[in-house]
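K.L.:
Numbering (the numbering used here), first residue to last: 1 to 302.
Handing you a structure now.
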């Protein structure tokens, strides 16, 4: 497992939450975290299925993308942001980032006193849907190299052949607000045309950023790929977890509360995309959340 070399370093991070910490209230917020803006696709699904829940969204845009990062960095960031959200009173955490889920959710689940829901590429629904028995997977390098992803393939691929393609450059484009420029479309074509030539009829969007590229993907492929997006499945799983623990917020006749948006960067792209995707004109707080790797970089900028 990839975590064998991680705990000694991660263990140096202090965790101020005792195992006997009081259980959170059902009225407490749910924390949603992503390396950047992609988790807004998950936030949208959560708001649709759980309209009475208060939400705190953290975009770690200062350190996006996570895909090229090493495993230790990803674990440290996920744990630090999870601890920060617990300190903000979160009753549950949605790790709305495929890379962070793949590389860190097992160890972070052990360290946090609240339930966690992660995201995984939709290998099972893709295998069930594909008629040609060939499906593509577009995901980050870190997700594709993870033991968790390999286990997903082993468990659910069955007789379906999966063509796995790292989406180099896609997260960076979305973080800049680019979801359909000629350069981006050319990049998508370079990734997807070989899949089509190999007979793929289904594409797994293995990063929560990628649903923002749905229109461009459909256009580039001329609607020849059925897209698998797991946002609603994540929201359903979150609802089950809240119900099992008696943590679902009571129904209210009042409008759903606005999410609290936080970013480790300046937040301008987060605010713009929240307005475009969610129809929300909400402020974005700039927050600083330190972890060992980022603290070391700040101390030694050279």
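Ideal Cβ placement from N, Cα and C applies to all residues, glycine included.
(1) Closest to residue 150 by C-alpha separation, out of 167, 124 and 131, would be which residue?
(2) Any idea which residues DSSP pairs residue 164 with across the strands?
(3) If we ignore side chains and look at the alpha-carbon of each, how far apart do residue 97 and residue 254 end up?
(4) Starting from residue 331 and walking both ways along the alpha helix (DSSP H), at which residues does that stretch end?
(5) Tell whether a beta-carbon distance below 7 Å holds between residue 127 and residue 160.
(6) Please report how far the alpha carbon of residue 181 lies from the alpha carbon of residue 71, in whole angstroms.
(7) What do you get for residue 175, buried or exposed, if any count of 16 or more other CB atoms within 10 angstroms of its CB means buried?
(8) Quick check: what's the CA-CA separation for residue 94 versus residue 155?
(9) With burial defined as no fewer than 16 other Cβ atoms inside 10 Å of the residue's Cβ, what is the status of residue 356: buried or exposed?
(10) Could you tell me which residues DSSP puts in a beta bridge with residue 117?
(11) Do residue 138 and residue 206 have their CB atoms nearer than 7 Å?
(12) Taking the beta strand (DSSP E) that residue 227 falls in, what are its first and last residues?
(13) Exposed or buried, residue 293, counting other C-beta atoms within 10 Å across all chains shown (16 or more means buried)?
(14) Counting Cβ pairs closer than 8 Å, one from the segment 38-51 and one from the segment 99-114, do we hit at least three?
(15) Within the same chain, show all residues whose beta-carbon is closer than 8 Å to that of residue 287, passing over the 5 residues directly before and after it, in chain order.
(16) Can you grab the Cα-Cα spacing for the pair residue 36 / residue 65, in whole Å?
(17) Out of 31, 129, 186 and 86, state which residue places its alpha-carbon closest to the alpha-carbon of residue 201.
(18) State the DSSP-derived secondary structure class of residue 82, mapped to helix, strand or coil.
(19) Is residue 32 helix, strand or coil when you go by DSSP?
(20) Under the three-state reduction of DSSP, which class applies to residue 181: helix, strand or coil?
(21) According to the Cβ coordinates, are residue 38 and residue 143 closer than 7 Å?
(22) Can you tell me whether residue 57 is helix, strand or coil according to DSSP?
(23) How long is the line joining the alpha carbons of residue 141 and residue 166, rounded to whole angstroms?
(24) Just the C-alpha distance for residue 189 and residue 222, rounded to the nearest angstrom, thanks.
(25) Can you tell me where the beta strand (DSSP E) holding residue 47 begins and where it ends?
(26) Could you say which of 33, 29 and 41 lies nearest to residue 279 if we only look at CA atoms?
(27) Whose C-beta lies closer than 7 Å to the C-beta of residue 214 among residues of the same chain, with five residues either side of it excluded?
(28) Give me the Cα-Cα distance between residue 105 and residue 220, rounded to the nearest whole angstrom.
(29) Rank 217, 204 and 177 by C-alpha distance to the C-alpha of residue 187 and give the top, closest one.
(30) Around the C-beta of residue 122, are 16 or more other C-beta atoms found within 10 angstroms, so that it is buried, or is it exposed?
(31) Just curious, the beta strand (DSSP E) that residue 260 is in, first and last residue?
P.N.:
Let me lay it out:
(1) Sequence index remark: in the chain shown, residue 150 carries index 150 (1-based). Of the listed residues, the one whose Cα sits closest to residue 150 is 124.
(2) Numbered from its first residue, the chain shown carries residue 164 at position 164. Note: residue 164 sits in a beta bridge opposite 137.
(3) Start at 1 with the first residue of the chain shown, and residue 97 comes out as number 97. Start at 1 with the first residue of the chain shown, and residue 254 comes out as number 254. Looking at the two C-alpha atoms, the distance is approximately 30 Å.
(4) Examination of residue 331 is not possible in this model, given that the chain is present from 1 through 302 alone.
(5) By 1-based counting over the chain shown, the position of residue 127 is 127. By 1-based counting over the chain shown, the position of residue 160 is 160. A contact, by the Cβ cut-off of 7 Å.
(6) Position 181 of the chain shown, counting from 1, holds the residue named residue 181. Position 71 of the chain shown, counting from 1, holds the residue named residue 71. Cα to Cα, residue 181 sits roughly 31 Å from residue 71.
(7) The residue labelled residue 175 in the question sits at position 175 within the chain shown. Looking at its Cβ environment, which holds 16 or more other Cβ atoms inside 10 Å, residue 175 is buried.
(8) Numbered from 1 along the chain shown, position 94 holds the residue referred to as residue 94. Numbered from 1 along the chain shown, position 155 holds the residue referred to as residue 155. Going by the C-alpha atoms only, they are around 23 Å apart.
(9) Given a span of 1 to 302 for the chain in the structure shown, any question on residue 356 remains unanswerable.
(10) Walking along the chain shown from the start, residue 117 turns up at place 117. 94.
(11) The count along the chain shown starts at 1 and reaches residue 138 at position 138. The count along the chain shown starts at 1 and reaches residue 206 at position 206. Cβ atoms of residue 138 and residue 206: closer than 7 Å.
(12) Within the chain shown, residue 227 is the residue found at index 227, counting from 1. Start and end: 226-228.
(13) Mapped onto the chain shown, residue 293 falls at position 293. By the neighbour-count rule (16 or more Cβ atoms within 10 Å), residue 293 is buried.
(14) no
(15) Here residue 287 refers to the residue found at position 287 when the chain shown is read from its first residue. 58, 84, 262, 263 and 264.
(16) For the purposes of this step, residue 36 is taken as residue 36 along the chain shown, with counting starting at 1. For the purposes of this step, residue 65 is taken as residue 65 along the chain shown, with counting starting at 1. If you take the alpha carbons of residue 36 and residue 65, they lie about 7 Å apart.
(17) For the purposes of this step, residue 201 is taken as the residue at position 201 of the chain shown. Measuring from the Cα of residue 201, the nearest candidate turns out to be 129.
(18) In the chain shown, the residue the question calls residue 82 occupies position 82. Residue 82 falls in the helix class under three-state DSSP.
(19) The residue labelled residue 32 in the question sits at position 32 within the chain shown. Looking at residue 32 - three-state DSSP - the assignment turns out to be strand.
(20) As a working mapping, residue 181 is identified with position 181 in the chain shown. Coil.
(21) Along the chain shown, one-based indexing puts residue 38 at 38. Along the chain shown, one-based indexing puts residue 143 at 143. It is not a contact, given that the beta carbons lie outside the stated cut-off.
(22) Along the chain shown, one-based indexing puts residue 57 at 57. Correct three-state label for residue 57: strand.
(23) Walking along the chain shown from the start, residue 141 turns up at place 141. Walking along the chain shown from the start, residue 166 turns up at place 166. Their Cα atoms are separated by approximately 5 Å.
(24) Indexing the chain shown from 1 puts residue 189 at position 189. Indexing the chain shown from 1 puts residue 222 at position 222. Each residue's Cα considered, the two are about 11 Å apart.
(25) Against the chain shown, residue 47 aligns to sequence position 47. Element bounds for residue 47: not the beta strand (DSSP E) but the alpha helix (DSSP H), 40-49.
(26) Reading the chain shown from its first residue, position 279 is the one you call residue 279. When each option's Cα is compared against that of residue 279, the closest is 41.
(27) Counting from one through the chain shown, the residue named residue 214 turns up at place 214. 227.
(28) Working through the chain shown from its first residue, we reach residue 105 at position 105. Working through the chain shown from its first residue, we reach residue 220 at position 220. Those two C-alpha atoms are separated by around 34 Å.
(29) Numbered from 1 along the chain shown, position 187 holds the residue referred to as residue 187. The residue with the shortest Cα to Cα distance from residue 187 is 217.
(30) Here residue 122 corresponds to residue number 122 of the chain shown, with the count starting at 1. It counts as buried.
(31) As a working mapping, residue 260 is identified with position 260 in the chain shown. Where residue 260 is concerned, the enclosing beta strand (DSSP E) stretches over 260-263.
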